[in-house]
Amino acid sequence: MTAVLQIAIDGPAASGKTTVARLLAQRLGVVYVDTGAMYRALAFAALQTQTDVDNESALVRLFDQQIHASLAGEAQLARVFWKGAELTQDELESPVVTAVVSIVAAHPLVREAMVREQRRIAAEGAVVMAGRDIGTVVLPGAPCKIFLTASVAARVGRRRVQLEKAGVDVSAHELTQEIEERDRLDETRKISPLRKAPDAHVIDSSELTAEQVVDEICSIVG
Ligand code: CDP
211 MTAVLQIAID
221 GPAASGKTTV
231 ARLLAQRLGV
241 VYVDTGAMYR
251 ALAFAALQTQ
261 TDVDNESALV
271 RLFDQQIHAS
281 LAGEAQLARV
291 FWKGAELTQD
301 ELESPVVTAV
311 VSIVAAHPLV
321 REAMVREQRR
331 IAAEGAVVMA
341 GRDIGTVVLP
351 GAPCKIFLTA
361 SVAARVGRRR
371 VQLEKAGVDV
381 SAHELTQEIE
391 ERDRLDETRK
401 ISPLRKAPDA
411 HVIDSSELTA
421 EQVVDEICSI
431 VG
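The opening residue of the sequence shown carries number 211 in this note's numbering; numbering runs sequentially from there.
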């Protein structure tokens, strides 16, 4: 039996996981799953329904009843839906969602529900999955694990360009604070904090283009 190709990419906020994972999945012709988008979808739904982001059981109910991730429709990408409507990148990446997503993601029962969904998607075939706990918790048996880092300055610079394109003007100072705060919450939470898996390859992307990172991962995959 041939092992199924699973590539787990973890790393801190704005380290380039999304861009790299998408390019890599395209190059390999496999599905790309952005687990951050699933947490963001739940944060978005909580804001829309005025669900308290500290109310764990209400969040789990909201996830079970209203959020859906699916590969249907487009072969290469897992898409996320709220009450049957696909969420757009602008909705998922809006600053209000970003401000609360790490609070939503710290609840153990929320993570349990997410991980169950993520494993269900991964069971469908070869996958590139990006997040914080993919190599450590979601797919601990993945044959290829990458821990993608970058300096805070490089991450702030990239996020700024991304937001400018979306017409959002945020100062470098505010972005530095937001990224450092999210790193702190993600690294210090009790359940599956952001950690490098012992067998993960570390790639520092501060000085690399996304294409160069993808080349490096492809040479690791062999
Ligand atoms: O902004 P960036 O693309 O770096 O983050 P993201 O991948 O969209 O994830 C948004 C937030 O969701 C993170 O800051 C984490 O709090 C949470 N998350 C998580 O806890 N576990 C994952 N596997 C993915 C995201």
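Every residue gets a Cβ at the ideal spot worked out from N, C-alpha and C, and that includes glycine.
Mind checking residue i: buried by the 16 CB within 10 Å criterion, or exposed?
i, result
"residue 355", "buried"
"residue 427", "buried"
"residue 318", "exposed"
"residue 277", "buried"
"residue 280", "exposed"
"residue 432", "exposed"
"residue 211", "In this prediction, residue 211 scores a pLDDT of 47, lower than 50, which makes its location untrustworthy; the coordinate-derived value is nonetheless stated afterwards. When all chains shown are included, residue 211 counts as exposed."
"residue 430", "exposed"
"residue 353", "exposed"
"residue 216", "buried"
"residue 226", "buried"
"residue 222", "buried"
"residue 381", "exposed"
"residue 327", "buried"
"residue 394", "exposed"
"residue 412", "exposed"
"residue 300", "exposed"
"residue 295", "exposed"
"residue 264", "exposed"
Would you kindly check if the distance between the Cβ of residue j and the Cβ of residue i is under 8 Å?
i, j, result
"residue 206", "residue 261", "No answer is possible for residue 206: it lies beyond the span of the chain, which begins at 211 and ends at 432."
"residue 338", "residue 235", "yes"
"residue 336", "residue 214", "yes"
"residue 257", "residue 307", "yes"
Considering residue i, what are the terminal residues of the beta strand (DSSP E) in which it resides?
i, result
"residue 427", "Here residue 427 belongs to no beta strand (DSSP E); instead the alpha helix (DSSP H) covers 420–431."
"residue 241", "241–244"
"residue 413", "411–414"
"residue 298", "Element bounds for residue 298: n/a, residue is neither H nor E."
"residue 356", "354–359"
Could you work out which residue in the options is closest to residue i when comparing CA atoms only?
i, options, result
"residue 224", "414, 425, 350 and 290", "414"
"residue 266", "377, 221, 323 and 287", "323"
"residue 274", "301, 232, 325 and 310", "325"
"residue 251", "351, 272 and 231", "272"
"residue 231", "310, 344, 292 and 254", "344"
"residue 434", "425, 237 and 329", "Any question about residue 434 goes unanswered here, given that the chain covers just 211 to 432."
"residue 378", "332, 305 and 248", "305"
"residue 291", "314, 253 and 313", "253"
"residue 315", "270, 332 and 387", "270"
"residue 351", "359, 333, 368 and 362", "333"
"residue 387", "373, 362, 404 and 298", "362"
"residue 233", "286, 411, 310 and 371", "286"
"residue 401", "312, 295 and 299", "312"
Over what stretch of residues does the alpha helix (DSSP H) that includes residue i continue unbroken?
i, result
"residue 343", "It is not in any alpha helix (DSSP H) - residue 343 carries neither H nor E in the DSSP assignment."
"residue 218", "Looking at the DSSP string, residue 218 is not in any alpha helix (DSSP H); the run it does join, the beta strand (DSSP E), is 216–220."
"residue 364", "362–375"
Hey, residue i and residue j are a contact pair by Cβ (cut 8 Å); roughly how many whole angstroms apart?
i, j, result
"residue 241", "residue 288", "7 Å"
"residue 302", "residue 376", "11 Å between Cβ atoms; not a contact."
"residue 220", "residue 342", "6 Å"
"residue 369", "residue 385", "6 Å"
For residue i, decide whether its Cβ has a neighbour in chain D, counting only Cβ atoms nearer than 8 Å.
i, result
"residue 341", "No chain D appears in this structure, which consists of one protein chain only."
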